[in-house]
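Novice: Below: one structure in structure tokens.
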Amino acid sequence: MPETPTTFRASAAIGDEPTARRVVDLLTECFDDGAAAVTAFERIDGAWDLALNFAEPPNQAAVRRLVALAAGDAVAAALAFDTVEAKDWVRASLEGLDPVPAGRFVVHGAHDRDRVPRNKLGIEIEAALAFGTGHHGTTRGCLLLLDDVLKRRTPRHVLDLGTGTGVLAIAAAKALQRHVTASDIDPVSVRVARDNARLNGVGTLFGGICAAGFADAQFRKAAPFDLVLANILANPLRQLATPMAAHLAPSADVILSGLLPAQTRGVIAAYRARGLVLVKAIIVEGWSSVLLRRG
């Protein structure tokens, strides 16, 4: 993955809000678009700080003169310049994350490959542009409910709707050793998920679709689904209730997440109106995940 570019910074305590606004207005007017990002923000104690980020090394004397015009010589003299070296920040942050257990599954990075217990199914997800490393309560909630489903049945036609990095599709493919359909509105997500499926040894079981909702003929070819996993958000999930129901097999299971607890009842009601009943609801790290069944 490409590194973030080196950034050149300047910062200083700036005093009150009117002064901060003057400095931001002046500097924004003086620098060409893209040459500098100028921000000011209020601290907990009520004072304000100035932060400048430059794509190229700035003329420090010229920057100080501009700041002095708007905020005075003392603030200009206190302006501190430094450099943030290029670094893959996403990968670095992932290296600090522990493996995530969820039933029979463990989501981990390459650095933790050896920490996966032999009796668990490891899902290796690396830093990527797409959403979803498995360290989010919605993903873990879906994996826990998927584990519950797999304890009592063996789905044959599985869909991961809004796949992100492919965690849920990979989990289903690994556990079932069956083909899994995975879709996302973002082509980058579909590509990343496909790469992750190959990394996890289930590339031949992964079928990626780039489409919004169910608006693609490939869904009709793969349907009817007897298991759908959809970790999205409340409003899209409500809107998808009708088209999803049209692609479900009798007695299908549906796992939904991306819901705040206050939103859960409304989403359940939307699917109840299409013939699905609530089987189980769990809350993980403040996010609600639900298992529904076509009754």
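Numbering follows the numbering used here, with no gaps: position 84 of the sequence shown is 84.
Note that CB positions come from ideal geometry on N, CA and C, so glycine has one too.
The structure displayed is predicted, hence computed values, not measured ones.
Between which two residues does the alpha helix (DSSP H) harbouring THR163 extend?
Specialist: Run containing THR163: none; DSSP gives neither H nor E here.
Novice: Less than 8 Å between the beta carbons of THR163 and SER289, yes or no?
Specialist: Against a cut-off of 8 Å, the Cβ pair of SER289 and THR163 comes out as no contact.
Novice: Taking 8 Å as the cut-off, does the segment 225–241 touch the segment 260–275 (at least 3 CB pairs, one atom from each stretch)?
Specialist: With the cut-off at 8 Å, the segment 260–275 and the segment 225–241 touch.
Novice: With respect to the alpha helix (DSSP H) encompassing GLU124, which residues constitute its N-terminal and C-terminal limits?
Specialist: Element bounds for GLU124: not the alpha helix (DSSP H) but the beta strand (DSSP E), 121–124.
Novice: Cβ atoms of LEU292 and VAL279: under 8 Å apart, would you say?
Specialist: VAL279 is a Cβ neighbour of LEU292, given a cutoff of 8 Å.
Novice: Mind checking which residues open and close the beta strand (DSSP E) that includes PHE154?
Specialist: At residue 154 the sequence reads Thr, which differs from the Phe that was named. In the DSSP assignment, THR154 falls outside any beta strand (DSSP E) and carries neither an H nor an E.
Novice: Out of LEU256, GLY109, ALA71, ASP98, which has the shortest C-alpha to C-alpha gap to LEU159?
Specialist: Closest option to LEU159, Cα to Cα, is LEU256.
Novice: Pick out the complete beta strand (DSSP E) segments inside the segment 44–92, 3 residues or longer, and give them in chain order.
Specialist: 48–54, 80–84
Novice: If you run the structure through DSSP and keep just helix, strand and coil, what is PHE219?
Specialist: The three-state reading of DSSP puts PHE219 in helix, counting H, G and I together.
Novice: Taking only three categories from DSSP, how would you classify ILE170?
Specialist: helix
Novice: Label SER93 either buried or exposed according to how many other C-beta atoms from any shown protein chain fall within 10 Å of its C-beta, with 16 as the threshold for buried.
Specialist: Here the model assigns SER93 a pLDDT of 49, short of 50, so the residue's position is not dependable, and the following value carries that caveat. SER93 counts as exposed, since fewer than 16 other C-beta atoms from the protein chains shown sit within 10 angstroms of its C-beta.
Novice: Identify every residue that forms a DSSP beta bridge with ARG293.
Specialist: ASP253, VAL277
Novice: Is it buried or exposed, PRO155, if we count other Cβ atoms within 10 angstroms and call 16 or more buried?
Specialist: buried
Novice: Can you look up GLY109 in the DSSP assignment and give me helix, strand or coil?
Specialist: It is coil, neither helix nor strand.
Novice: CA-CA distance, PHE131 and VAL188?
Specialist: Its pLDDT being 48, under 50, PHE131 is placed unreliably in this model, and the value from its coordinates should be taken loosely. Roughly 10 Å separates the two Cα atoms.
Novice: Assuming PRO117 and HIS108 make a contact with CB atoms under 8 Å, what is their CB distance in whole Å?
Specialist: In fact, because the Cβ distance is near 11 Å, the residues do not count as touching under 8 Å.
Novice: Helix, strand or coil, according to DSSP, for GLY258 in the structure here?
Specialist: strand
Novice: Express the C-alpha separation of THR204 and LYS120 in angstroms, rounding to a whole number.
Specialist: Taking the straight line joining both Cα atoms gives about 21 Å.
Novice: Around the Cβ of ARG153, are there at least 16 other Cβ atoms within 10 angstroms (buried) or fewer (exposed)?
Specialist: exposed
Novice: Determine the direct distance from the alpha carbon of ASN231 to that of CYS142, and round the result to whole angstroms.
Specialist: 7 Å
Novice: Return helix, strand or coil for PHE8, following the three-state DSSP convention.
Specialist: strand
Novice: With burial defined as no fewer than 16 other Cβ atoms inside 10 Å of the residue's Cβ, what is the status of GLY286: buried or exposed?
Specialist: Classification for GLY286: exposed.
Novice: Within 10 Å of its beta-carbon, does LYS221 have 16 or more other beta-carbons around it, so buried, or fewer, so exposed?
Specialist: exposed
Novice: Can you name the start and end residues of the alpha helix (DSSP H) that GLU29 belongs to?
Specialist: 17–30
Novice: If you draw a straight line from the C-alpha of LEU176 to the C-alpha of ALA269, how long is it?
Specialist: 30 Å
Novice: Smallest Cα separation from GLY46: which of GLU29, PRO18, ASP25, PHE54?
Specialist: PRO18
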